[in-house]
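*Asks:*
Residue numbers (the numbering used here): 63 to 426.
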């Protein structure tokens, strides 16, 4: 599987969904049998059984420290899916495991502990308590745990500082802008110090500039604090910018999972291809994707002269290759630990920018 290779403390993925289904309606059992037997579409299930498929046979895992983005249009099932992780929604079938523990098998006390300590959820609508100050909102989870006022105030103030709201602790939510309220929600999750962050379109209602600033801040915090994150969005640009891996949903089905580069360069079907059609590949596609192996290049063109040639690394982006290519007419030599492994000439670079992947050499 693509993505990070680290595992949770017990060697299992931090989050794992196994053949998860969620169906809404009155005749769910019969509808489930019909879907499995006849491969009915979402529309056919609604027409025949009056049931709505929210999530259909979804399986995936999230590794420790990974930002796993789930994206899709409205009604695709992404928000329904994330609510299964902390069991705000009970699945119709299938299982959710967190750090090797079956969430569906937890008793009420263990489930409360999961929600209070192990997972933190950040919503688009932060639902801040209007009668409480910023500091009191941030410290609320600690108060519920019974932590004393002094220590929870210290923790809350540190979280407020982290999200760059220093000095705003005594203000009330109605005194804050939308972006600042989102920061309070993020601070609230940080103060609770969960190992897992569940984020359901937290920045989607914000202006583009504020949204990008919060994306930057979130990525920095996630990297520094090494939080395992499930991030829901309907914006592919946001998913590509934030995610280590991306899962694309349609009608409750997980259509494709992969790294941003894989999603953009290897769309599994026309639905995904339409999604990624307008995405710039300059910062996503790497030299390893567009280069021709050195042996194949020399078999066709003869021994490569290093005179006037510049070198790049296999993980250099198309943008970096374009910058180098401007400075020389010679092909770029791709080196891995100082050893030449491939060649990128101007023709293959242009093909890569155009998105014509996988690349094949053409005569002349």
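Note that the Cβ used here is the ideal one computed from N, Cα and C, for glycine as well. As the structure is a prediction and not an experimental result, all values here were calculated from the model.
Compute the distance between the beta-carbons of residue 291 and residue 301, then report whether it is under 7 Å.
*Replies:* no
*Asks:* Report the residue ranges of all alpha helix (DSSP H) runs contained in full by the segment 341-369; include only those spanning at least 4 residues, in chain order.
*Replies:* 349-352, 356-363
*Asks:* With a cut-off of 8 Å, do at least 3 Cβ pairs link the segment 106-116 to the segment 274-289?
*Replies:* no
*Asks:* Answer yes if the segment 173-185 comes into contact with the segment 262-281, meaning at least three C-beta pairs across the two stretches below 8 Å, and no otherwise.
*Replies:* The segment 262-281 vs the segment 173-185: in contact.
*Asks:* Would you kindly report the start and end of the unbroken alpha helix (DSSP H) that includes residue 218?
*Replies:* 211-224
*Asks:* Please classify residue 68: is it buried, with 16 or more other beta-carbons within 10 angstroms of its beta-carbon, or exposed?
*Replies:* Only weak support is given to the placement of residue 68: the predicted model assigns it a pLDDT of 40, under 50, and the value that follows is read from those uncertain coordinates. Looking at its Cβ environment, which holds fewer than 16 other Cβ atoms inside 10 Å, residue 68 is exposed.
*Asks:* Which residue spans inside the segment 234-277 form an unbroken beta strand (DSSP E) run of at least 3?
*Replies:* 258-262
*Asks:* In this structure, does DSSP put residue 411 in helix, strand or coil?
*Replies:* helix
*Asks:* Residue 235 and residue 501 - do their beta-carbons sit closer together than 7 Å?
*Replies:* Limits of the chain in this structure are 63 at one end and 426 at the other, which puts residue 501 out of reach.
*Asks:* What's the gap between the Cα of residue 426 and the Cα of residue 316?
*Replies:* Reliability of the predicted coordinates at residue 426 is poor, the pLDDT of 37 falling under 50, and no value is obtained from them.
*Asks:* Please list the terminal residues of the continuous beta strand (DSSP E) segment that includes residue 332.
*Replies:* Where residue 332 is concerned, there is no enclosing beta strand (DSSP E), although the alpha helix (DSSP H) it sits in stretches over 332-338.
*Asks:* Would you kindly check if the distance between the Cβ of residue 343 and the Cβ of residue 256 is under 7 Å?
*Replies:* no
*Asks:* Identify whether residue 192 lies in helix, strand or coil by the three-state DSSP scheme.
*Replies:* coil
*Asks:* Ends of the beta strand (DSSP E) at residue 294?
*Replies:* 290-295
*Asks:* Going by C-alpha distance, which of 394, 402, 400, 399 is nearest residue 408?
*Replies:* 394
*Asks:* In the DSSP assignment, find the unbroken alpha helix (DSSP H) run with residue 299 in it and report its ends.
*Replies:* Note, residue 299: alpha helix (DSSP H), 298-304.
*Asks:* Between 166, 399, 253, 196, which lies nearest to residue 207 when the distance is taken from Cα to Cα?
*Replies:* For the residues 166, 399, 253, 196, the minimum Cα distance to residue 207 belongs to 253.
*Asks:* Check whether the segment 150-168 and the segment 232-251 touch, using three or more Cβ-Cβ pairs below 8 Å as the test.
*Replies:* Contact between the segment 150-168 and the segment 232-251 is absent: fewer than 3 CB-CB pairs across the two stretches fall below 8 Å.
*Asks:* Give the secondary structure of residue 142 by DSSP, where H, G and I count as helix, E and B as strand, and everything else as coil.
*Replies:* helix
*Asks:* CB-CB under 6 Å to residue 318, same chain, minus the five flanking residues each way: which ones, in chain order?
*Replies:* 310, 330, 334
*Asks:* Going by DSSP, which residues form a beta bridge with residue 113?
*Replies:* DSSP lists no partner for residue 113.
*Asks:* Check the DSSP bridge columns for residue 380 and list the partner residues they point to.
*Replies:* According to DSSP, which records beta bridges pairwise, residue 380 is partnered with nothing at all.
*Asks:* Measure the C-alpha to C-alpha separation of residue 421 and residue 379 and round it to an integer number of angstroms.
*Replies:* Interpretation of residue 421 is limited by its pLDDT of 46, a score under 50 that renders its predicted location unreliable; the figure taken from the coordinates is listed afterwards. Their backbone Cα atoms lie some 16 Å apart in a straight line.
*Asks:* Could you spell out where the beta strand (DSSP E) holding residue 80 opens and where it closes?
*Replies:* 77-86
*Asks:* Roughly how many angstroms lie between the CA atoms of residue 328 and residue 337, to the nearest whole one?
*Replies:* 12 Å
*Asks:* Decide yes or no for the touch test of the segment 119-128 against the segment 81-92: beta carbon pairs closer than 8 Å, at least 3 of them.
*Replies:* Between the segment 119-128 and the segment 81-92, the count of Cβ pairs shorter than 8 Å is three or higher; the stretches touch.
*Asks:* Please state the DSSP three-state secondary structure of residue 329.
*Replies:* coil
*Asks:* Thinking C-alpha only, which one of 244, 303, 195 is nearest residue 230?
*Replies:* 195
*Asks:* What distance in whole Å lies between the Cβ atoms of residue 126 and residue 76, which are believed to be in contact at a cut-off of 8 Å?
*Replies:* 5 Å
*Asks:* Let me know if residue 140 comes out buried or exposed under the rule of 16 or more other beta-carbons within 10 Å of its beta-carbon.
*Replies:* buried
*Asks:* Identify, in the order they occur along the chain, each residue of the same chain with its Cβ nearer than 7 Å to the Cβ of residue 200, setting aside the five sequence neighbours on each side.
*Replies:* 218, 221, 222, 246, 249, 250, 253
*Asks:* Could you pull out every residue in the same chain whose Cβ sits closer than 6 Å to the Cβ of residue 165, ignoring the five residues on either side in sequence?
*Replies:* Cβ within range, chain order: 149, 158.
*Asks:* Could you pull out every residue in the same chain whose Cβ sits closer than 7 Å to the Cβ of residue 154, ignoring the five residues on either side in sequence?
*Replies:* Around residue 154: 83, 84, 85, 90, 94.
*Asks:* Note down the Cα distance separating residue 415 from residue 339, rounded to an integer number of angstroms.
*Replies:* Their Cα atoms are separated by approximately 12 Å.
*Asks:* Quick one, are the C-beta atoms of residue 128 and residue 306 less than 7 Å apart?
*Replies:* yes
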